[in-house]
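Just so we're aligned, residue 703 is where the sequence shown starts under the numbering used here, counting upward by one.
Backbone N, C-alpha and C define an ideal beta-carbon position, used for all residues, glycine too.
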Amino acid sequence: MQQKELKDYYKNTLAEIMNIEEKIKELETKEDVKEYKSLTSNLRTKRADLEGLKKAIDYSIMNECNHLYVLSKEKFSDIRYGIPDRYYPCCIKCGLDSSVATKYYDELNQKQKTMQLILSKNDGLPKGRYLKDDDNYTISCPSSSLAEELYKEIIRNNPSISDDDTEIMFREKLKQRQKVKYKNR
């Protein structure tokens, strides 16, 4: 575009903006529009409050949990270094997963950011109990999501189960899953 065309385009755009602003001011005097603006503002505030409450709830759950840890196999987040998959402790009760410590903060969802906060405040994993297999080794699970799923299944069927009984049932459920997996190959 030539200079004159650019200046004309600028003037026309400025006139359109002024026209739009005038119409907005006119609309803002109407009660329906005032109510709409007030409601959308309140909605934004309530959504922000809800997000803050969700963070606080996640933090409280993970911070106050009597952790039951298993080892879960997780993909290492930065394969450039040639580091193979590793096993990381994770809590089957609250989902606290120490593998988040290996990930970039910007890659994490809000729950994982809360996990990183818990890990940093405790200078590592909070105190807890590691579940053991029949040979007294820490139980390893293919993924933290499977560990949580098995725990939820146990709790759904036995809401007031003790940690000792949870350990026994978790071990059995994991064995059953592994048998089914190998049987279906």
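With a 10 Å radius around its C-beta and 16 neighbouring C-beta atoms as the bar for buried, classify residue i as buried or exposed.
i      : result
GLY797 : buried
TYR738 : exposed
LEU852 : buried
GLU776 : buried
THR731 : exposed
ASP799 : buried
GLU707 : exposed
THR868 : buried
ALA849 : buried
Excluding the 5 residues flanking residue i on each side, which residues of the same chain have their C-beta closer than 7 Å to its C-beta?
i      : result
ILE763 : CYS796
Could you check how far apart the C-beta atoms of residue i and residue j are, in whole angstroms? I think they sit under 8 Å.
i      : j      : result
TYR771 : GLY830 : 5 Å
LEU773 : ILE841 : 7 Å
LYS823 : ASP760 : About 14 Å; that fails the 8 Å criterion.
TYR807 : LYS815 : 7 Å
ASP835 : ARG873 : 6 Å
LYS875 : ILE857 : With 8 Å as the limit, LYS875 and ILE857 do not qualify as a contact, their Cβ atoms being about 12 Å apart.
If you run the structure through DSSP and keep just helix, strand and coil, what is residue i?
i      : result
LEU770 : strand
GLU730 : coil
LYS709 : helix
ASP799 : strand
Spell out whether any CB of chain B is found under 9 Å from the CB atom of residue i.
i      : result
THR816 : In the displayed structure, chain B is absent; only one protein chain is listed.
Going by beta carbon distance, what residues of the same chain come within less than 8 Å of residue i, once the five residues before and after it are set aside?
i      : result
LEU827 : HIS769, TYR771, PRO791, LEU798, SER800 and LEU821
SER845 : SER774, LYS775 and GLU776
field: Whole beta strand (DSSP E) elements within the segment 805-871, 3-residue minimum
entry: Listed in chain order, they are 830-832.
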